[in-house]
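Counted the way our numbering counts, the sequence shown spans residues 2 to 234. Idealized CB from N, CA, C, for every residue including glycine. What follows is a single structure, written as structure tokens, with notes after it.
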Amino acid sequence: MAHRDGLILLVGVTEPRLEAHELYRFFHAGDEEVLALRGVSLSADAGETVAVVGPSGSGKSTLLACLAGLDRPDGGTVRIDGLSISRRSEADRAAIRARSVGVVYQADNLIGHLTVEGNVALAQRLGGSTRPRSRRDLLDRLGIGGRARAYPAQLSGGEAVRAALAVALANDPAVLVADEPTGELDSSTESQVLDLLQDRAEAGTAIVVATHSEAVAVVAQRVVRLVDGMVAA
2 MAHRDGLILL VGVTEPRLEA HELYRFFHAG DEEVLALRGV SLSADAGETV AVVGPSGSGK
62 STLLACLAGL DRPDGGTVRI DGLSISRRSE ADRAAIRARS VGVVYQADNL IGHLTVEGNV
122 ALAQRLGGST RPRSRRDLLD RLGIGGRARA YPAQLSGGEA VRAALAVALA NDPAVLVADE
182 PTGELDSSTE SQVLDLLQDR AEAGTAIVVA THSEAVAVVA QRVVRLVDGM VAA
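As structure tokens, then:
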């Protein structure tokens with residue numbers, strides 16, 4: 002803290018890379034209204050990993066979709082590096098997501114007719130990067146450099162997760178949102194993927210992971226538990 006002309010300045014205090022405030026999301030099932038999120042607030046700083054846990058149907062995937070701009074909440078706000086994304090059009094959210102948010106879906110986010118390297122190249126083009134990082138270097142760091150010319154159907158489960166991470170990290174995003182990224186992996190491959198996520202966090206990315214895995218929760222700096230669309234005390 003410093004003083005200047007009678008003002009108190011907070012030195013080194015920055016906004017969270019990701020901040021969600023009082024998110025609500027409801028869906029209609031026939032005549033009934035289902036509240037998937039009920040006032041959920043969450044933040045993640047640069048270099049921080051936050052695990053979102055809870056039973057199936059608790060709202061984890063809905064929350065991550067809102068955080069990534071894949072879905073728009075019915076109430077509340079989401080900010081990425083201080084920029085509000087919640088009330089923007091889908092086109093605007095997609096542009097922000099391509100530049101600033103890496104997403105790993107519960108189902109893989111790879112395009113089947115493109116090679117692994119082709120998937121990463123497409124992500125870079127969509128992100129508008131004029132100086133994209135070396136695709137081969139990224140794949141090498143993820144341990145799948147030798148599979149650059151392989152198609153998604155030719156990958157093992159662990160390779161597919163790494164390839165999905167490569168797509169998510171193609172533009173050095175400020176935020177990485179991952180929905181059950183280790184759900185289909187054995188314990189050894191899960192450990193390798195967690196090491197990769199930790200390396201990314203150390204590079205300054207804010208990471209939010211929805212998971213049922215205790216191993217993922219253990220490596221997170223914070224754990225947010227959802228129950229019936231609300232943060233449990």
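Item, Value
"Cut-off 6 Å between Cβ atoms - residues of its own chain near residue 223, not counting five sequence neighbours on either side", "51"
"Test item: CB-CB of residue 230 and residue 39 under 8 Å", "yes"
"Bounding residues of the beta strand (DSSP E) (the contiguous stretch that carries residue 23)", "19-30"
"Reduced DSSP secondary structure (H/G/I, E/B, other) of residue 99", "helix"
"From 147, 192, 206, residue whose alpha carbon lies closest to that of residue 174", "206"
"Proximal residues to residue 195 (C-beta, below 6 Å), its chain only, five neighbours per side dropped", "220"
"Same chain, Cβ closer than 7 Å to residue 83, five either side skipped, listed in chain order", "16"
"One or two residues paired with residue 35 in a DSSP bridge", "28"
"Where the beta strand (DSSP E) through residue 1 begins and ends", "There is simply no residue 1 to check, as the chain begins at 2 and stops at 234 in what is shown."
"Residues that DSSP places opposite residue 208 in a beta bridge", "50, 177"
"Selected residue, minimal CA-CA separation from residue 143, among 53, 214, 118, 25", "118"
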